[in-house]
Each structure stands twice: as C-alpha cells, then as structure tokens.
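Scroll down for the structure; my scribbles are underneath it.
2 protein chains.
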Amino acid sequence: MEEGRALMSFAALSQETRLHIVRMLVVAGPDGMAAGAVAEKAGVSPSNVSFHLKELERAGLINQQRESRSIIYTANYEGLGALIRFLMEDCCAGHPEICAPAAEVAACCAPSPEESLQ
Amino acid sequence: MEEGRALMSFAALSQETRLHIVRMLVVAGPDGMAAGAVAEKAGVSPSNVSFHLKELERAGLINQQRESRSIIYTANYEGLGALIRFLMEDCCAGHPEICAPAAEVAACCAPSPEESLQ
DNA sequence: TCCATATTTCTACAATCCTTGAAATGTTGA
DNA sequence: TCAACATTTCAAGGATTGTAGAAATATGGA
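Chains as they are written, first to last, in UniProt numbering: chain U, 1 to 118; chain P, 1 to 118.
Here's what the structure looks like:
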C-alpha cells in the first residue's frame, strides 16, 4: 500500500461517524447496506452520510454498487486488510514488540485453513 | 482501546509529517531521537516538529523524556500495538478475510519465543 | 409521462488543523 | 549571573474539513 493511500485511510477513520460506518459495514458482511439504512443507523442526515461514504470510498475502505433505486455499500476487506498490513510492516517496521499482540488476535480470528469447520 | 483514543491515533497518523516521524522513531528503537534530530531528518522547523510531536504524544503513539538539554522521543510500542489490535478486533470485528493477511505479517515478524535465536 | 423514492451534489458557513516566526522556558557551562 | 542551546508556547493567517439544507440526478412504478 502506498503512503498516500494510507494517509487517506487514516484520515477517513479519524472521524467518529465514518468509523461507525465502517464498523457497521464490516458487521453487515457481503450483503452490505443501502445508504439510507446507513444514515438511519448512524443517526445522520442523508446528505451527510453521502459525504462520509464518498470519503470512505475514496480511501478504498468501502465499495458501492447500485441496486435498483438504492446504492449498496459494503466493507472493502482488501483495503482494510492492506491498511492493517501497512501499519504493521511499513509503519511499524515489523517490530515484534508491536506486532506480537496483533499476532495473537490474528491467530484467534483466522483459524488455519484445514480446521475452519467449527 | 477506547474509541476516542483510536480516533485520535488515526488523526495523528493521517498527516504526512507525523507518519514519517512515527516511522523514524520506530526505526530508531529504544534510544529514540531528540526533537531537534527529528526536525532535521523530517525537514521541518523546530516549532513545527514540536507541534506534531505533541499531537503524537497526545494520541499515545510516542513517549518523551528529558535528557539534559534535549527532549528524547521514542515510539510507544504499546500504543502502536493497541491501535493495530483495535483495527483488527474492534473495527474489523475479527473478520478472517481482513485479518488473515495481517496474520501472515505477524507470523514472519514475530518468531515464536523458543526459537528467536537466529 | 408523472410522481415518489433514494441518493448525490451544491452552496455557504463554522470549526478545526497546519504553518510560520517571534517570544518564552528550561538547561548547561563559563 | 550570563550567554548559548534545545525546545516549547503563542498568535495570526491560510487551508482543509464537517455540517446543514436546498436543489439536482437517477430509478421504478402507476
């Protein structure tokens, strides 16, 4: 991930409403949510949610696609993963002191491929 | 990590000079760097570097300590690690699609305790 | 075609952030 | 005590960002 994109991503996540939106969309999964639903759940006006959604998309953290009258937004897993990786290897230079705690999280949320059944 | 601190951390990292400073301090390791050295290496004025260092400290990403006339800044490994963890578990809800790539990085930069010799 | 729905774009304004240079603070050694 | 050094604080200005509401765009159905 290039630095410019990382800077945009950090800026995108540094705003409360936008951080909430990302969380909501991650939880919503591949089905995503329509802009209106996001606005309602986040408690902001349609025009305001549109402003923030655009910012998040510009940063590569969410995706959009039209579905009839609605526009459906989904979390961009690739973008979010790339940002975490940037933070670990580019920014923190892979320092074990920093990355070790993250490794624990990774270990418990990402079961190894062959035993991902339970 | 509470949300407010995460927001501050993201804001802190969303500025080019500050991102560079964090990188420099991570690389510098436990010895850290004096404010003046940071300013010179980052190519900004003393007062400007002071402004950014304060912001980074407020966010909990760096530490400071006076050493004679100089003030030595060091990366705050705990703070940086906590931010990565926040991004993985709180923000991204531990989604394997997002965290798996991070797990690879973690695996290669954090050797298991009993074989950290080579 | 016309209307209702869903969303975005535009405009204006307030708030925050970044930069700059000057002045202030704290530290050391003569 | 005084001068030099390292850094921070302050004040001012310009730039960027966030918010609100009105107007515009796109879609689908009567």
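In this text, a Cβ means the ideal position worked out from N, Cα and C, and glycines have one as well.
Residue i vs residue j beta-carbon contact at 7 Å
i                     : j                     : result
residue 75 of chain U : residue 85 of chain P : no
residue 59 of chain U : residue 9 of chain U  : yes
residue 22 of chain U : residue 83 of chain U : no
residue 11 of chain U : residue 45 of chain P : no
residue 49 of chain P : residue 38 of chain P : yes
residue 18 of chain U : residue 52 of chain U : yes
residue 32 of chain P : residue 72 of chain P : yes
is_contact[residue i, chain P] using C-beta, thresh 7 Å
i                      : result
residue 88 of chain U  : yes
residue 72 of chain U  : no
residue 47 of chain U  : no
residue 97 of chain U  : yes
residue 68 of chain U  : no
residue 85 of chain U  : yes
residue 53 of chain U  : no
residue 34 of chain U  : no
residue 117 of chain U : The predicted position of residue 117 of chain U is uncertain, since its pLDDT is 45 and thus under 50; a value taken from the coordinates is nonetheless stated next. So no, residue 117 of chain U is outside the interface.
Assigned secondary structure, residue i (DSSP; H/G/I helix, E/B strand, else coil)
i                      : result
residue 76 of chain P  : coil
residue 1 of chain U   : coil
residue 117 of chain P : Residue placement at residue 117 of chain P is flagged as unreliable, the pLDDT there being 45, under the threshold of 50; the coordinate-derived value follows with that caveat. Residue 117 of chain P falls in the coil class under three-state DSSP.
residue 18 of chain P  : helix
residue 93 of chain U  : coil
residue 169 of chain P : Outside the shown range of chain P (1 to 118) lies residue 169 of chain P, about which nothing can therefore be said.
residue 119 of chain U : For chain U, the structure presents residues 1 to 118; residue 119 of chain U sits outside this window and is missing.
Nearest-angstrom beta carbon gap, residue j and residue i [assumed within contact, 8 Å]
i                     : j                      : result
residue 89 of chain U : residue 105 of chain P : 5 Å
residue 28 of chain U : residue 70 of chain U  : Rounded, the Cβ-Cβ distance is 13 Å, inconsistent with contact.
residue 94 of chain P : residue 98 of chain U  : That belief does not hold up - the Cβ atoms of residue 94 of chain P and residue 98 of chain U are roughly 19 Å apart, past 8 Å.
residue 16 of chain P : residue 7 of chain U   : 6 Å
Contact with chain U by residue i, beta-carbon distance below 7 Å
i                      : result
residue 81 of chain P  : yes
residue 23 of chain P  : yes
residue 38 of chain P  : no
residue 119 of chain P : The question about residue 119 of chain P has no answer here: the residues shown for chain P are numbered 1 through 118.
residue 61 of chain P  : no
residue 56 of chain P  : no
residue 42 of chain P  : no
residue 50 of chain P  : no
residue 103 of chain P : yes
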